[in-house]
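For the sequence shown, the numbering used here gives the first residue as 16, with consecutive numbering after it. Note that CB positions come from ideal geometry on N, CA and C, so glycine has one too. Predicted model, so just to flag it, every value in this text is computed and none were measured. A short worksheet on the structure shown next.
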Amino acid sequence: MKPTNIGAHDYFHKVVDCQWACPAHTPVPEYIRLIAAGRYSDAYMINWRSNVFPGILGRVCDRPCEPACRRGRVDTEPVAICRLKRVCADLKDDIQDRLPRAPDKKNGKRIACVGAGPASLTVARDLASIGYQVTVFDSGPLPGGMMRSQIPKFRLPDTVIDEECGYIINLGVETRYNQWVNSLRELVDGDWDAVFVGTGAPRGRDAPIPGRQEAAKYIHIGIEWLANVAFGHTTPISERVIVLGGGATAMDCCRSARRMGGEDVKVIVRSGFEEMKASPWEKEEAIHEGIPILNMRVPKEFRHDNGKLSGVLFEIVRAEYDAKGRRSLIPTGEPDEFHECDEVLVAIGQETAFPWIEKDIGLEFDKWEMPVLNPATLQSTLPKVIFGGDAALGPKNIITAAAQGHEAAISIDLFCRGKDLLKRPPPMTNLVSQKMGIHEWSYDNQVSEEERKKVPVKALEKTLKDIKLELEMGFDPFMACAEAERCLNCDIETVFTAKGCIECDACVDICPTECITFTSNGEEDDLRGRLKAPAKNHDQALYVSDVLKTGRVMVKDENICLHCGMCAERCPTGAWDMQKFFLQCAEAGTEPKRT
16 MKPTNIGAHD YFHKVVDCQW ACPAHTPVPE YIRLIAAGRY SDAYMINWRS
66 NVFPGILGRV CDRPCEPACR RGRVDTEPVA ICRLKRVCAD LKDDIQDRLP
116 RAPDKKNGKR IACVGAGPAS LTVARDLASI GYQVTVFDSG PLPGGMMRSQ
166 IPKFRLPDTV IDEECGYIIN LGVETRYNQW VNSLRELVDG DWDAVFVGTG
216 APRGRDAPIP GRQEAAKYIH IGIEWLANVA FGHTTPISER VIVLGGGATA
266 MDCCRSARRM GGEDVKVIVR SGFEEMKASP WEKEEAIHEG IPILNMRVPK
316 EFRHDNGKLS GVLFEIVRAE YDAKGRRSLI PTGEPDEFHE CDEVLVAIGQ
366 ETAFPWIEKD IGLEFDKWEM PVLNPATLQS TLPKVIFGGD AALGPKNIIT
416 AAAQGHEAAI SIDLFCRGKD LLKRPPPMTN LVSQKMGIHE WSYDNQVSEE
466 ERKKVPVKAL EKTLKDIKLE LEMGFDPFMA CAEAERCLNC DIETVFTAKG
516 CIECDACVDI CPTECITFTS NGEEDDLRGR LKAPAKNHDQ ALYVSDVLKT
566 GRVMVKDENI CLHCGMCAER CPTGAWDMQK FFLQCAEAGT EPKRT
């Protein structure tokens, strides 16, 4: 193998598993250390720059960082990264004076953002702060998009949405609420230099099975019902409710139904429990609130009595997979099941909808009615129109929408300046030694043996009676500090200097995970099998040194390293050093790297 190029910005980035997994590449270990030090405002600003909505995401993020967390590979559970994000939002000081201010002199470019969800607001923030005049259109009365309309208030209070959307609107962003955009052609032909489409996936999928039309009064599309609940347009629901679907919307529907008067609420899903799209913690929360989840049942018919719903008939199935892993649902032959209910909430998926985009303006759509986009730039076939969020590549989540908003803002900025959209600015990276003495580091490298902390919650007797009462209370400073100390500091990297090594193997002897081996070089598969602890995870790289004096190379398996620094402490020559890697993604206005 060739010596590892640790100067490549993506090498150590991949080692910081949580940051690599985060679509917005938030510097997770950095802000967790700041929380442990009680520097909540600093931690908030680190988050705000990357993911835009720390207080919102600290409550409702899909947490792609946590399954990737290294702590989860050496312990039973990962660090509670998401809930620590909420800590810095809850405990910060007033950070208004630390936010950017829009330049007094604008650059003369006008940008229209259609939709006021997380993608559009991210675009607005990034562009308004560098001199663009941004106008946000939305059919609703307030900013936030699906964050406000589809996430229940007991999970995400309006006050949090108002605060974090306000930080963006206060940059001088013009807002046109309660205004439905009927024509993209009008925007394209109007006095706009670019148009961003961030309209989300506003259309819920229906269940067109027998009885659907006859009992329509009692059958509701999940996301529409949640929006009506959010804005106070829905009266209490009936006692017996069935929720169809196994994703996040289904979990929000069933838990909201319990708070709206439902006593017998069930979730019935066509997939297995493990295959449900809802996150494990969402399923746990629903079960904790007394909501059973029945799996491997496919709805066949809505039963009714002259239009009044009486229940749903289900076929029991099992899953079979072909050689390519594609699933088929096969009837088991067991008798169909009938479940009585008074109302049904259909939460079986969401789709984009673009009735306001004319078909003859040069914007192409694929066979799934999704816009044809350059995946690197999110630019459509109509050059001045850029997409982002669920409207771009289909339903995802808030953190992905924010990440795409950053990329879309870069594209809009490059487009408005007549630059090549494919020449993207690189991230800013830094690698700095943490050495403070012979055997001292500027970070706490003691590995905590604490178990993951559970977030305190209010009593169900209270929360099930009030749909606006937030369930979770968040960590207090003491719990936050204890949880933060579970972080393994994956951004503090072991950096090896071959010319300083005397091959004493002291680092090999001291390493608690046996991740370091001195051996002869070879092809990667061969080398992985010859390490002191065979490296089986090909998703994590091997760190290979230059050839040493004996002809051997140092090989380190990044997958099992604890970043404890013991190798550097034991090394008598300083060949090992602990250096902090920091990566901040590029933003609109950053110049592409010159070549």
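- In this model, V400 and Q394 are separated by some 6 Å (Cα to Cα).
- Residue pairing for I236: DSSP places it in a beta bridge opposite V361.
- The beta-carbon distance between P158 and L186, rounded to whole angstroms, is 12 Å. This is too long to meet the 8 Å contact definition.
- Taking 8 Å as the cut-off, the beta carbon of V149 is found closer than this to the beta carbon of E189.
- Its chain contains M16, L557 as the residues whose beta carbon lies nearer than 8 Å to that of E539, once the 5 sequence neighbours on both sides are disregarded; these appear in chain order.
- Secondary structure at N445: strand, using DSSP grouped into helix, strand and coil.
- P607 sits close to R439, with the two beta carbons spaced by under 8 Å.
- Under the three-state reduction of DSSP output, G260 falls in the coil class, being neither helix nor strand.
- Taking C-beta atoms under 8 Å as the contact rule, G226 and F317 qualify, at a distance of about 3 Å.
- Per the DSSP secondary-structure output, Q599 pairs in a beta bridge with M443.
- Rounded to the nearest whole angstrom, the C-alpha separation of R585 and D524 is 9 Å.
- Around the beta carbon of W383, a 10 Å sphere encloses fewer than 16 other beta carbons of the protein chains shown; the residue is thus reported as exposed.
- Its Cα nearest to that of L360, the residue G219 stands out among P172, F596, G219.
- Taking 8 Å as the upper bound for CB-CB distance, A601 and I425 are in contact here, some 7 Å apart.
- Residue state for Q148 is assigned as strand, using DSSP reduced to three classes.
- At a Cβ-Cβ threshold of 8 Å, P251 and M275 count as neighbours.
- In this structure, I531 keeps its C-beta atom at 8 Å or more from the C-beta atom of C579.
- Taking a C-beta distance under 8 Å as the contact criterion, I363 and V203 do not qualify as a contact pair.
- A direct Cα-to-Cα measurement between S535 and S560 gives close to 11 Å.
- H553 and D119 have their C-alpha atoms roughly 51 Å apart.
- Pairwise C-beta distances place the stretch 293-307 out of contact with the stretch 338-357, as fewer than three of them are shorter than 8 Å.
- P314 is the residue among A117, T512, A338, P314 whose C-alpha sits nearest the C-alpha of V332.
- Taking C-alpha positions only, P471 is separated from L171 by approximately 16 Å.
- Comparing C-alpha distances from L114 to each of R140, V89, G452, N122 shows the shortest one belongs to R140.
- Contact check between the stretch 19-34 and the stretch 80-99: three or more CB pairs, one atom from each, fall below 8 Å, which counts as touching.
- The residues Q394, S395, F402, A407, L408, in chain order, have a CB closer than 8 Å to that of L388 in the same chain once the five nearest residues on each side in sequence are set aside.
- Judged by DSSP secondary structure, C496 falls within the alpha helix (DSSP H) whose first and last residues are 492-499.
- For A334, the enclosing beta strand (DSSP E) covers residues 323-336.
- Annotation for S343: the continuous beta strand (DSSP E) segment containing it runs 342-346.
- DSSP assignment within the stretch 478-564 yields the following whole alpha helix (DSSP H) runs of 4 residues or more, N-terminal first: 492-499, 521-525, 539-545.
- Sequence-distant partners of K298 (beyond 5 residues in either direction) whose C-beta falls short of 8 Å from its own C-beta, in its chain, are M266, F288, M291, I308.
- Selection A52, G213, I176, R270 evaluated against I126 yields G213 as nearest (Cα-Cα).
- For P314, the uninterrupted beta strand (DSSP E) run begins and ends at 312-320, by DSSP.
- In the DSSP assignment, V210 forms a beta bridge with A127, V400.
- The shortest CA-to-CA distance from C496 to any of I21, Y46, F329 is the one to Y46.
- In terms of CA proximity to V284, A263 leads the group Y336, A263, M443.
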